[in-house]
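Quick note on this note's numbering: the sequence shown kicks off at 2 and runs consecutively.
Don't be surprised by glycine CBs; every beta carbon is placed ideally from N, CA and C.
Nothing here was measured: the structure is a model prediction, and the numbers come from that model.
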Amino acid sequence: PWLVLAPLNVVKVLLNKRSPIAHKIVHEASEKCQAECGIARMWATLFWSAQFFISLALLSIWLRSKSRAPHVVADLLYVISAAKGMIGCLLLLNYVKEVVREPVAAGGVFEIVCAAMIASTASGKATSKPKNA
2 PWLVLAPLNV VKVLLNKRSP IAHKIVHEAS EKCQAECGIA RMWATLFWSA
52 QFFISLALLS IWLRSKSRAP HVVADLLYVI SAAKGMIGCL LLLNYVKEVV
102 REPVAAGGVF EIVCAAMIAS TASGKATSKP KNA
């Protein structure tokens with residue numbers, strides 16, 4: 002979903018437009034903060050850009066994994082897994098701090114589950130032998 006949602010959110014933040022469902026995703030104070038603060042918008046665009054490029058990297062790995070050495074794929078997957086895990090933890094932390102609402106917390110859980118699945122896949126790739134060996 003991030004390949005579509007992330008670019009849309011980058012544009013929304015850059016245009017400083019309020020989302021029609023923002024009240025369901027973030028607390029009013031957080032929404033107001035982002036609308037009034039350039040540094041908050043900068044971090045939001047960095048977050049959504051990172052989500053987009055991480056998703057693009059995963060798509061590239063999935064499409065071309067047969068042509069890459071397993072250990073190279075594993076290394077990339079471990080880095081992506083770490084990034085997704087950190088994103089998930091930070092989303093949950095911000096839910097606990099009442100910066101964001103339940104849908105974002107659910108997204109945090111989703112990110113952590115994805116991180117575990119990606120790490121599991123990386124582990125399998127790291128232990129597999131190259132095809133020409």
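- Cβ-Cβ separation between L78 and I119: approximately 5 Å, consistent with a contact (criterion under 8 Å).
- Our two residues, A45 and S124, have alpha carbons roughly 31 Å apart in a direct line.
- With a beta-carbon spacing of about 12 Å, V110 and G86 fall beyond the 8 Å limit used to define contacts.
- Inclusion of H28 and V100 in the CB contact set at 8 Å is warranted, their separation being smaller than that value.
- Its chain contains A36 and R42 as the residues whose beta carbon lies nearer than 8 Å to that of N17, once the 5 sequence neighbours on both sides are disregarded; these appear in chain order.
- By the beta-carbon neighbour count (other beta carbons within 10 angstroms, threshold 16), K98 is exposed.
- Across the structure, V5 and F53 are spaced so that their CA atoms are roughly 8 Å apart.
- Annotation: the stretch 19 to 70 contains the following complete segments of the alpha helix (DSSP H) (minimum length 4 residues), in chain order: 23 to 26, 29 to 37 and 39 to 65.
- Closest option to A106, judged by alpha-carbon separation, among V114, T122 and L92: L92.
- V100 carries a coil assignment under DSSP once its states are collapsed to helix, strand and coil.
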